[in-house]
Amino acid sequence: MNKDKATEDLMKDAVDQSQPQDQTDHEAEHSTDASKQQGEPVVEEAVEETESVTANEEDEMMFARKKIKNLEDETKRLSNEVETLKTRLLRISAEYENFRKRTQKEKEELSDAATCEVLKNMLPVIDNLERALVTETDDLPGLKDGVQMTLDYFVQTLKNFGVEEINTDEEFDPNLHEAVMHEIDAEKGQKEISEVFLKGYKMGDQVIRHTVVKVVN
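Quick note, the sequence shown lines up with residues 1 to 217 if you use my numbering.
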């Protein structure tokens, strides 16, 4: 009987000792679960913040790319406008330069035409003076000298305007000469000017009066 009692006491002690250990394990497990429950919201919040930051960065990047694209498009558009304006400016400048040259040329031509017309009206005076010189006269010895001086003055005045006598030592040129008579002479060359009836004059390339001549056919 004493033996059974001793066995019962041992079992009771074992049970008593195991209860605090089980309670400790249960508390530890409960604490771990609580820690897990407390930690999960923190992690989730951190993840959400990270995702939010990443989303914001992506939005900012997309906005920046869009802005850069818009700036590039605007720059390209402005560059095209500048090139268009440059081309238009060059065309207008060329047109103005052509207009200026054309106007200047027309002005010079009109001035030359007016000058030629005035000088043309002076040529009969020279013709008469030259005829007076070839006329034989002994009545007034000093007359020819006076006529020669007057003729020289007129000729020099014409030269000052760039007027020169048309050459008749070359072949007949319808642009410079006017043929009023023709002759046949085997000893002379074709289109040779054999006689001058009236001197011709020109100013530059513009003929004031054609030379009136006889031509050999």
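Beta carbons: idealized from backbone N, C-alpha and C, even for Gly.
Everything numeric in this text was worked out from a predicted model, so none of it was measured.
> If you scan the stretch 79–161 from start to end, which runs of the alpha helix (DSSP H) of 4 or more residues do you find wholly inside it?
Replying inline: Segments of the alpha helix (DSSP H) lying fully in the stretch 79–161: 141–160.
>> Using the Cβ count rule (16 or more neighbours within 10 Å means buried), how would you classify G39?
In response: Unreliable placement is indicated for G39, whose pLDDT of 49 sits below 50; the coordinate value is still reported in the next sentence. The residue in question, G39, is exposed, as its Cβ has fewer than 16 Cβ neighbours within 10 Å.
> Going by beta carbon distance, what residues of the same chain come within less than 7 Å of T168, once the five residues before and after it are set aside?
Replying inline: Excluding residues up to 5 positions away in sequence, I193, V196, T211 and V213 lie with their Cβ nearer than 7 Å to the Cβ of T168 in the same chain.
>> What does the Cβ neighbour count give for F63, buried or exposed, with the cut at 16 atoms within 10 Å?
In response: Exposed, by the Cβ-count rule.
>> Please classify V118 as buried or exposed, where buried requires at least 16 neighbouring CB atoms within 10 angstroms.
In response: Exposed: under 16 other Cβ atoms inside 10 Å.
> Just to check, is the beta-carbon of K107 closer than 7 Å to a non-hydrogen atom of the ligand SAM?
Replying inline: As for the ligand SAM, it is missing from this structure, which has no ligand bound.
>> If you follow the beta strand (DSSP E) that A179 is in, where does it begin and where does it stop?
In response: Residues H177 to E183.
> Between the C-alpha atoms of T150 and L123, what's the straight-line distance to the nearest angstrom?
Replying inline: Each residue's alpha carbon lies about 13 Å from the other.
>> In the DSSP output, what is R77 paired with across the bridge?
In response: Answer is none; R77 lacks a bridge partner.
> Going by beta carbon distance, what residues of the same chain come within less than 6 Å of L143, once the five residues before and after it are set aside?
Replying inline: Within the same chain, no Cβ atom closer than 6 Å to the Cβ of L143 is found once the five residues on either side in sequence are excluded.
>> Contact defined as beta carbons within less than 8 Å: I believe K199 pairs with E165. What is the distance between those atoms, to the nearest angstrom?
In response: The beta carbons of K199 and E165 sit about 6 Å from each other, so the pair counts as a contact at 8 Å.
> To the nearest angstrom, how far is it from the Cα of L78 to the Cα of K69?
Replying inline: One C-alpha to the other measures close to 14 Å.
>> In the DSSP output, what is Q190 paired with across the bridge?
In response: According to DSSP, which records beta bridges pairwise, Q190 is partnered with nothing at all.
>> Taking the straight line between their C-alpha atoms, what separation do you get for Y201 and T135?
In response: Counting only the Cα atoms, T135 lies some 23 Å from Y201.
>> What residue range does the beta strand (DSSP E) around P211 cover?
In response: Here residue 211 turns out to be Thr, not Pro, going by the sequence shown. Counting along the chain, the beta strand (DSSP E) containing T211 begins and ends at T211 to V216.
> Excluding five sequence neighbours on each side, which residues of the same chain lie with their C-beta closer than 8 Å to the C-beta of L203?
Replying inline: The sequence given here places Met at residue 203; Leu does not occur at that position. Closer than 8 Å at Cβ, skipping near neighbours: D112, T115, C116, L119, F161, G162, V163 and E164.
> According to DSSP, is I208 helix, strand or coil?
Replying inline: In the structure shown, I208 falls within a strand segment according to DSSP collapsed to helix, strand and coil.
> Where do the ends of the beta strand (DSSP E) carrying K202 lie?
Replying inline: Counted as a single uninterrupted DSSP element, the beta strand (DSSP E) harbouring K202 occupies residues Y201 to M203.
> For the putative contact between H182 and N128, defined by C-beta atoms under 8 Å, what is the C-beta separation to the nearest angstrom?
Replying inline: The Cβ separation is near 28 Å, so there is no contact.
>> So for F63, helix, strand or coil by DSSP?
In response: Secondary structure at F63: helix, using DSSP grouped into helix, strand and coil.
> Do you know offhand how far H177's Cα is from R91's?
Replying inline: In a straight line, the C-alpha of H177 is about 44 Å away from that of R91.
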